[in-house]
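Notes follow once the structure below has been shown.
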Amino acid sequence: MLKVTAKVLVCAVSLGLAGLANAAEPIIIKFSHVVAEHTPKGQGALLFKKLAEERLPGQVEVEVYSNSSLFGDGKEMEALLLGDVQLIAPSLAKFEHYSKPIQIFDLPFLFDDIAAVDRFQKGPVGQELLTSMEDKGITGLGYWHNGLKQLSANKPLRTPKDARGLKFRVQASAVLDEQFKALRANPRKMSFAEVYQGLQTGVVNGAENPYSNIYSQKMYEVQKYITESNHGLLDYMVITNTAFWDGLPADVRTELTKIMDEVTVEVNLHAEELNQRDKQAIIDSGKTEIITLTKEQRDQWRDQVKPVWKKFEQEIGAERIAAAEASNQQ
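Going left to right, the sequence shown walks through residues -2 to 327 as the working numbering numbers them.
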């Protein structure tokens, strides 16, 4: 009888340990994005994986899928909401259907430089926008820089009239549509993965991207000119499914939040450095010419597209636009 009881106890303990082992299986976090690994976003995703797995060993595993290898930019938001991925970092232009005020980041010539962007994003209005989609199941965790955008085309773009009639690839953004319409150009919505081929075949004649995207996607090989306009922002918001995030153990969520904050600082410190390095690589290739605008030329571009601000003022909020303008002052 004692032997039987002992056997039962051993079995019970074994089953209990097995149950604990199953309960302790790591949380899998799939991080999907659409750009190359050596871009700011690509490097940020890899750093997040490294730190999360180092600091939460056995508790968290992060799987990174780059270059649209899991979901393209047309499907990643749906995948997040369905729980098929847990982290994505779409460009800020992708949020207009979830939070109209986030359209502020697409307004042309709103920010003078990346330092102004930093001040705005870290301020009360920028932080408020991170949480503006929680009623739709989306929680913002941070802003990652890619950089200021440059215009590219197969003809020199020095004044606004040079853009007339050209077909520019744009993200699915009402603001960006209006930006190019204000230039009397033709915006064409196209997924990021299709841009190189679109430029190569002439489906579109031009685009707008930071240098890191132009270089990593080899767009400079199919664009004869790049105008250093610094006219707009291509940043990302790292987001997660609200139900998933709120459902994490509190200690895990706290640590992952700390890690995301650290990674955000690193990404944003190195984004401009990477853009300048890739700009030099483009120059060294000899395949395209970079045009530097005079102050007078840049002012012409700004004056041409500034009416777009007024067009979206009601949706974005005049007070938010004023706060963004104020961020240009140190």
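Where is the CB? At the ideal position from N, CA and C, for every residue including glycine.
CB contact flag (residue i, residue j, <7 Å)
i: Phe106; j: Ser324; result: no
i: Glu73; j: Ser29; result: yes
i: Val201; j: Arg166; result: yes
i: Gly69; j: Ser209; result: no
i: Ser88; j: Tyr233; result: yes
i: Pro157; j: Gln297; result: yes
i: Asn313; j: Gln100; result: Inspection of the sequence shows that residue 313 is occupied by Ile rather than by Asn. Taking 7 Å as the Cβ cut-off, Ile313 and Gln100 qualify as a contacting pair.
i: Pro278; j: Tyr222; result: Per the sequence shown, the amino acid found at residue 278 is Ala instead of Pro. Not closer than 7 Å, so no.
i: Val305; j: Gln124; result: no
i: Val302; j: Ala113; result: no
i: Ala320; j: Val122; result: yes
i: Ser226; j: Gln147; result: yes
i: Leu84; j: Asn143; result: no
Residue-level contact to chain B via CB, residue i, 7 Å cutoff
i: Val32; result: Protein chains in the displayed structure number just one, and chain B is not present.
For residue i, the nearest candidate out of the options (CA to CA)
i: Leu53; options: Val219, Lys133, Pro246 and Ala112; result: Pro246
i: Thr36; options: Lys303, Gln294, Ala150 and Asn265; result: Asn265
i: Ile256; options: Phe45, Glu225 and Ala33; result: Phe45
i: Glu205; options: Glu51, Pro87 and Ala160; result: Ala160
i: Ser129; options: Lys97, Ser149 and Val114; result: Lys97
i: Ser170; options: Ile99, Ala90, Pro207 and Gln220; result: Ala90
i: Ile135; options: Glu259, Val32, Arg185 and Thr237; result: Thr237
i: Leu78; options: Arg299, Ile313, Tyr95 and Ser63; result: Tyr95
i: Glu34; options: Tyr62, Gly55, Glu58 and Arg299; result: Tyr62
i: Pro184; options: Val305, Gly203 and Gly55; result: Gly203
i: Val31; options: Tyr222, Glu252 and Ser213; result: Ser213
i: Gly137; options: Ile287, Glu322 and Trp242; result: Trp242
i: Gly229; options: Leu145, Asn64, Leu48 and Val114; result: Leu145
i: Ala42; options: Asp81, Gly139, Ala21 and Glu93; result: Gly139
i: Ala190; options: Leu48, Val82, Asp115 and Leu67; result: Leu67
i: Ala49; options: Ser65, Gly71, Ile24 and Val172; result: Ile24
i: Ala86; options: Ala321, Lys164, Gln327 and Leu127; result: Leu127
i: Glu218; options: Ile111, Glu131, Phe309 and Ile287; result: Ile287
i: Phe92; options: Val59, Glu131 and Ser65; result: Glu131
i: Lys133; options: Lys186, Ala240 and Leu271; result: Ala240
i: Met216; options: Thr289, Leu104, Lys186 and Lys276; result: Lys276
i: Gly80; options: Leu271, Gly244, Gln56 and Lys164; result: Gly244
i: Phe108; options: Gln273, Glu316, Arg299 and Thr291; result: Arg299
i: Thr289; options: Arg155, Gln273 and Arg274; result: Arg155
Where residue i sits in the DSSP three-state scheme
i: Val235; result: strand
i: Ala240; result: helix
i: Thr136; result: strand
i: Gln149; result: What sits at residue 149 in the sequence shown is Ser, not Gln. In this structure, Ser149 counts as strand in the three-state DSSP scheme.
i: Gly314; result: coil
i: Lys221; result: coil
i: Thr254; result: helix
i: His228; result: coil
i: Gly123; result: helix
i: Ser324; result: coil
i: Arg166; result: strand
i: Ser29; result: strand
Counted within 10 angstroms of its Cβ, other Cβ atoms place residue i as buried (16 or more) or exposed
i: Val262; result: exposed
i: Arg181; result: exposed
i: Gln220; result: buried
i: Lys27; result: buried
i: Thr285; result: buried
i: Thr224; result: buried
i: Pro207; result: buried
i: Lys38; result: buried
i: Gln311; result: exposed
i: Gly195; result: buried
i: Ser282; result: exposed
i: Glu22; result: exposed
i: Glu51; result: exposed
i: Asn19; result: Low confidence applies here, because Asn19 scores a pLDDT of 43, under 50, leaving its location unreliable; read the following figure in that light. The residue in question, Asn19, is exposed, as its Cβ has fewer than 16 Cβ neighbours within 10 Å.
i: Glu269; result: buried
i: Gln326; result: exposed
i: Lys307; result: exposed
i: Asp258; result: exposed
Distance cut-off 6 Å: residue i Cβ against heavy atoms of the ligand SAM
i: Leu180; result: Although the ligand SAM was asked about, the structure shown includes no ligands whatsoever.
- [ ] Ignoring anything shorter than 3 residues or poking outside the segment 31 to 105, list the beta strand (DSSP E) runs there in chain order.
- [x] 57 to 62
Open item on the list: Which complete alpha helix (DSSP H) runs does the segment 183 to 210 hold, if anything under 4 residues is left out?
Closed with: 192 to 198
TODO: Taking only runs that begin and end inside the segment 244 to 306, name each unbroken alpha helix (DSSP H) of 4 or more residues, in chain order.
DONE: 247 to 282 and 292 to 302
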